[in-house]
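According to our numbering, the sequence shown holds residues 1071 to 1376 in order.
Idealized CB from N, CA, C, for every residue including glycine.
Below is one structure, written out as structure tokens, with a few remarks after it.
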Amino acid sequence: MKAVICERYGPPEVLRLTEIAKPAPKDHEVLVKVRATTVTVGDSRMRSFTVPRAQWLFARLYLGIRKPRRAILGMEIAGDIEAVGQSVTRFKPGDPVFASTFGVNFGGYTEYKCLPENGMLALKPASLTYEEAAAVVGGGMTALRCLKNANIKPGQKVLIYGASGAVGTNAVQIAKHHYGAVVTGVCSTTNLELVKTLGAETVIDYTREDFTRRGETYDVVFDAVAKFPPAQAKKAVKPGGVYLNVHVDSGSGENVQELLVLKDLLEAGKLKPVIDRCYPLEQITEAHRYVDQGHKKGNVAITLTQ
């Protein structure tokens, strides 16, 4: 089967499309024929080993000291279950699913992936394409997990910094349509209209204005890209309000209930995945090169041969 492997740290060109053995599911596993995956900022950082200095030692130990410990990247997938282990009861062959591979050593850049049946996977919403389903998993669950920490009430004012990114586009919609908040989105000039369409009542162009100097205060300020100085951002938080940072408040683990909540929101029309560009697997180097530029809107999807 086809797979993209990363055997050394470096630029997008270190990625190599090759053939590897097709896996077989164990008793409690399902075998997914992958139809779509994504290129996230996390994938880009793992490939290039560009991590924050404070996380350097941990990242070396976790990702690999001299070369990547996990040769196949890819944190999100969507596809069809091709086979199941003899003890599997939740799924059957033919079921369309979407899943996170974060807890199973990644591995989305391949035609087939084995996952535990009690892992981070669920039936794919019928209204979504495979690309849309794959794209919503990581950013959607991260946004949901962070915002849950704020205990948002209907009518409260929520500001989301980095509102046009993978986490931000989900956070705007979840804050607005799930929690009933009044949302302000902060993004660049080219993404103002996009963030408005997602549900933000107010949008601020960070290239022209510092939101902390407006004099406005918010019940929740969520930095969805962890790029704004926390001490400065907290000046815009109301007394008794909450400041959230995606690197601090996203927790250390995933819960399948988060994926099921996302599924409900998607099926209810309260959440729609945002895809900037879509590439075939054979052009994954170009996809990584685009993500490396740091200007993607929402997500970059990868389509595998159908």
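Which residues in the same chain as residue i place their Cβ atom closer than 7 Å to its Cβ, once the five residues preceding and following it in sequence are excluded?
i, result
"residue 1163", "1151, 1152, 1153, 1154"
"residue 1215", "1320, 1321, 1328"
"residue 1194", "1148, 1166, 1167, 1168, 1203"
With DSSP as the reference, label residue i as helix, strand or coil.
i, result
"residue 1159", "coil"
"residue 1242", "helix"
"residue 1082", "helix"
"residue 1354", "helix"
"residue 1097", "coil"
"residue 1342", "coil"
"residue 1041", "Since the first and last residues shown for the chain are 1071 and 1376, residue 1041 lies out of range."
"residue 1168", "strand"
"residue 1319", "helix"
"residue 1117", "helix"
"residue 1331", "helix"
"residue 1313", "strand"
"residue 1261", "helix"
Going by the beta-carbon positions, is the gap between residue i and residue j smaller than 7 Å?
i, j, result
"residue 1343", "residue 1202", "yes"
"residue 1291", "residue 1198", "no"
"residue 1358", "residue 1074", "no"
"residue 1177", "residue 1102", "no"
"residue 1116", "residue 1092", "no"
"residue 1210", "residue 1332", "yes"
"residue 1205", "residue 1325", "no"
For the candidate residues the options, whose alpha-carbon lies nearest to that of residue i?
i, options, result
"residue 1080", "1255, 1298, 1218, 1113", "1113"
"residue 1361", "1074, 1072, 1082, 1075", "1082"
"residue 1267", "1124, 1071, 1247", "1247"
"residue 1078", "1147, 1135, 1092", "1135"
"residue 1346", "1335, 1366, 1355, 1333", "1366"
"residue 1298", "1090, 1317, 1287", "1317"
"residue 1363", "1235, 1245, 1241, 1190", "1235"
"residue 1095", "1107, 1183, 1086, 1124", "1183"
"residue 1231", "1372, 1240, 1223", "1240"
State the CB to CB distance for the pair residue i and residue j, rounded to an integer number of angstroms; the pair is presumed to be in contact (CB under 8 Å).
i, j, result
"residue 1293", "residue 1314", "7 Å"
"residue 1252", "residue 1213", "With a Cβ gap of about 17 Å, residue 1252 and residue 1213 do not count as contacting."
"residue 1256", "residue 1274", "5 Å"
Within the same chain, show all residues whose beta-carbon is closer than 6 Å to that of residue i, passing over the 5 residues directly before and after it, in chain order.
i, result
"residue 1175", "1140"
"residue 1282", "1302, 1305, 1306"
"residue 1378", "With the chain running from 1071 to 1376 in the structure shown, residue 1378 is simply not present."
If you measure from the beta carbon of residue i to each beta carbon in chain B, is any gap under 7 Å?
i, result
"residue 1136", "Absence of chain B from the displayed structure is noted, only one protein chain being present."
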